[in-house]
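Beneath this line is the structure, given in structure tokens, with notes to follow.
Residue numbers (the working numbering), protein chains in the order written: chain W, 1 to 146; chain D, 1 to 146.
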């Protein structure tokens, strides 16, 4: 978070003490190991983090479905983890991944971040699509019942 | 979050409808525009987001200090924003930035993510420093009283 001083042990130590929030979660950023593009922001509970470290594939905790989530379990689009980093205050995780199938977003796109924001007229915000081509058709990949 | 279907308007539209959480915040990831390295994960309230879009410099909301935070206001290490993206469900922001002074972390390092995690013995986790050289001395930059 780049904010709180006076945490020498947490910040300068080599002891793993993840700081889960009130819901038991950490924030996790996955980037494309080849390009550095941010693919998605998601959350991990302790089990997801441990499974990710142990398996080398990304596991998250789905807040909407309230369950552990092996990324790619429905779509086949697994994330192979090439590096795991944690931040200064141990409440955020960065995964460098190889995205199998090329798409991390459930909309079928490479990244969840397929829209750019810029300053519009009269203090407004302009939204535009960027790198928004679909790699797969979500209707074909996520069958009913999933 | 790559999870919730059936949000065609939020996901496929060009209308800016940021989904702030119960605390009025979005999650924000800042990456180095040149290298793709994740520099930090922080939060933005509506004012921080609007100031970032309007000014081209990164503003966040500090949860620990409970105040708007112009990144670099104490250290001089401003983040110049080269691109702003939002994710599919409009609750996360990705900033590509040029980090003035080279260090984004309050510990004096380039990135807040200066430690790697890997599988240790007996199911444990091994922590190791990576890219952990200090660009500045925090004690010299953050004077007492700040």
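Ideal placement from N, C-alpha and C gives every residue a C-beta, glycine not left out.
Using a Cβ-Cβ distance cut-off of 9 Å, determine whether residue i contacts chain D.
i: residue 9(W); result: no
i: residue 59(W); result: no
i: residue 78(W); result: no
i: residue 20(W); result: no
i: residue 14(W); result: yes
i: residue 44(W); result: no
i: residue 101(W); result: no
i: residue 97(W); result: no
i: residue 54(W); result: yes
i: residue 106(W); result: yes
i: residue 24(W); result: no
By DSSP, does residue i sit in helix, in strand, or in coil?
i: residue 74(W); result: coil
i: residue 33(D); result: coil
i: residue 49(W); result: helix
i: residue 6(W); result: Unreliable positioning characterises residue 6(W) in this predicted model, as indicated by a pLDDT of 49, which lies under 50. A coordinate reading is not provided.
i: residue 62(W); result: strand
i: residue 15(W); result: coil
i: residue 122(D); result: helix
i: residue 128(W); result: strand
i: residue 92(W); result: strand
i: residue 102(W); result: coil
i: residue 81(D); result: strand
i: residue 41(D); result: strand
i: residue 116(D); result: strand
i: residue 135(W); result: coil
State the CB to CB distance for the pair residue i and residue j, rounded to an integer number of angstroms; the pair is presumed to be in contact (CB under 8 Å).
i: residue 85(D); j: residue 98(D); result: With 8 Å as the limit, residue 85(D) and residue 98(D) do not qualify as a contact, their Cβ atoms being about 16 Å apart.
i: residue 71(W); j: residue 58(W); result: 4 Å
i: residue 104(W); j: residue 110(W); result: 7 Å
Looking at the C-beta of residue i, does it have a partner C-beta in chain W at a distance below 9 Å?
i: residue 137(D); result: no
i: residue 40(D); result: yes
i: residue 119(D); result: yes
Mind checking whether the beta-carbon of residue i lies closer than 8 Å to any heavy atom of the ligand PLP?
i: residue 59(D); result: Judged by which ligands are present, the structure shown has none, so any question about the ligand PLP falls away.
Take the Cβ of residue i as the centre, count every other Cβ of all protein chains shown within 10 Å, and call the residue buried at 16 or more, exposed below.
i: residue 61(D); result: buried
i: residue 14(W); result: exposed
i: residue 90(W); result: buried
i: residue 11(D); result: buried
i: residue 21(W); result: exposed
i: residue 130(W); result: exposed
i: residue 9(W); result: exposed
i: residue 140(D); result: exposed
Residues in the region 78-95 of chain W having any Cβ partner in chain D nearer than 9 Å: 83, 84, 85, 86, 87, 88, 89, 90, 91, 92, 93 and 94
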